[in-house]
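Peer 1:
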Amino acid sequence: NAGVTQTPKFQVLKTGQSMTLQCAQDMNHEYMSWYRQDPGMGLRLIHYSVGAGITDQGEVPNGYNVSRSTTEDFPLRLLSAAPSQTSVYFCASSYTPPRSGGVYNEQFFGPGTRLTVL
Amino acid sequence: AQSVTQLGSHVSVSEGALVLLRCNYSSSVPPYLFWYVQYPNQGLQLLLKYTSAATLVKGINGFEAEFKKSETSFHLTKPSAHMSDAAEYFCAVTSNTGNQFYFGTGTSLTVIP
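These protein sequence lines map, in sequence, to chains A and B.
The numbering of the first sequence is the numbering used here, which starts it at 1 and goes up by one.
The numbering of the second sequence is the numbering used here, which starts it at 1001 and goes up by one.
(1) By the 10 Å Cβ neighbour count, where 16 or more other Cβ atoms means buried, how is Ser1014/B classified, buried or exposed?
(2) Which ranges does the alpha helix (DSSP H) cover as unbroken runs of at least 4 residues, wholly within the stretch 48-84 of chain A, from first to last along the chain?
(3) Which bits of chain A does Ser1108/B rub up against, with CB to CB less than 8 Å?
(4) In whole angstroms, what is the alpha-carbon distance linking Phe1074/B and Gly51/A?
(5) Cβ atoms of Thr1105/B and Val1011/B: under 9 Å apart, would you say?
(6) According to a CB-to-CB cut-off of less than 9 Å, which residues of the stretch 67-80 of chain A neighbour chain B?
(7) Given that Thr1105/B touches chain A, what residues does it touch there, using C-beta distances under 7 Å?
(8) To the nearest angstrom, how far is it from the Cα of Thr116/A to the Cα of Thr1055/B?
(9) When the cut-off is 9 Å and only beta carbons count, does Pro61/A lie next to chain B?
(10) Opposite Asn105/A in the DSSP bridges: which residues?
(11) Along the stretch 1017-1051 of chain B, where does the CB come closer than 9 Å to a CB of chain A? Name the residues.
(12) Taking only beta-carbon atoms, is Gln126/A less than 9 Å away from chain B?
(13) Below 9 Å on C-beta distance, what does Gly1008/B contact in chain A?
(14) For Gln85/A, tell me which candidate among Arg114/A, Met27/A, Thr55/A and Cys23/A has the shortest Cα-Cα distance.
(15) Going by DSSP, what residues sit across from Tyr1025/B in a beta bridge?
(16) Do Phe1034/B and Ala1087/B have their beta-carbon atoms positioned less than 9 Å apart in this structure?
(17) What residue does the beta strand (DSSP E) around Tyr1050/B start on, and which one ends it?
(18) Can you say whether His29/A is buried or exposed, counting buried as having 16 or more other CB atoms within 10 angstroms of its CB?
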């Protein structure tokens, strides 16, 4: 299994440009999520999905869109990039949603995408 | 609402010394608690998790954590630090009613030779 993959690894955008960060997992995980990591702020949840066709907002959703048309893929779209969106973005997945407990809600993280908006 | 607080954004220990990283949680329902480690330029990987089965949880690389309900704490310890333990450590909480994980702000561990 490749686990959770993210592309690209690095990206530089100009203010106002749009782009899509790709995330894919091959573990048949039901739950997928996007986080941004900023110095001194830990990881903050942007959007999450509990299954294909179902998405919801996290803590910091403004300026980002997501969709989940398949179990495997969960792309994150920046509609009009702003310097405040300069960050490292992580995609994560788990077999079941966090509330399920047991052994199935462990999140597996991708390697991250480092985004700079000029 | 749930949250975690990690006391100390930077911790330095000597090689061979005890590692203690602090995490306090806030949750109105029984929590699930996690510790993740992040090595430079990598994603996060799970160290250990508490899901109410046992209060003392053992993880990978010799780390363990104890859930103390009375103190609302889930501190991470390791008896003897290795140079390879230098990394960023994150505490996270969720619950049996939630769809989200909440992460702390992280603690950067430095190991001094």
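Ideal Cβ positions, reconstructed from N, Cα and C, are used throughout, including at glycine.
Peer 2: Based on what the coordinates show:
(1) exposed
(2) none
(3) Residues of chain A passing the Cβ test: none, with the nearest at roughly 10 Å.
(4) 30 Å
(5) no
(6) none
(7) Gly40, Met41 and Gly42
(8) 42 Å
(9) no
(10) Looking at the DSSP assignment, Asn105/A forms no beta bridge with any residue, so it has no partner.
(11) Tyr1032, Phe1034, Tyr1036, Gln1038, Asn1041, Gln1042, Gly1043, Leu1044, Gln1045, Leu1046, Lys1049 and Thr1051
(12) Because chain A here runs from 1 to 118, residue 126/A falls outside it and cannot be looked at.
(13) The premise fails here: Gly1008/B is roughly 13 Å from chain A at the closest Cβ pair, so nothing lies under 9 Å.
(14) Arg114/A
(15) Val1004/B
(16) no
(17) Leu1044 to Tyr1050
(18) buried
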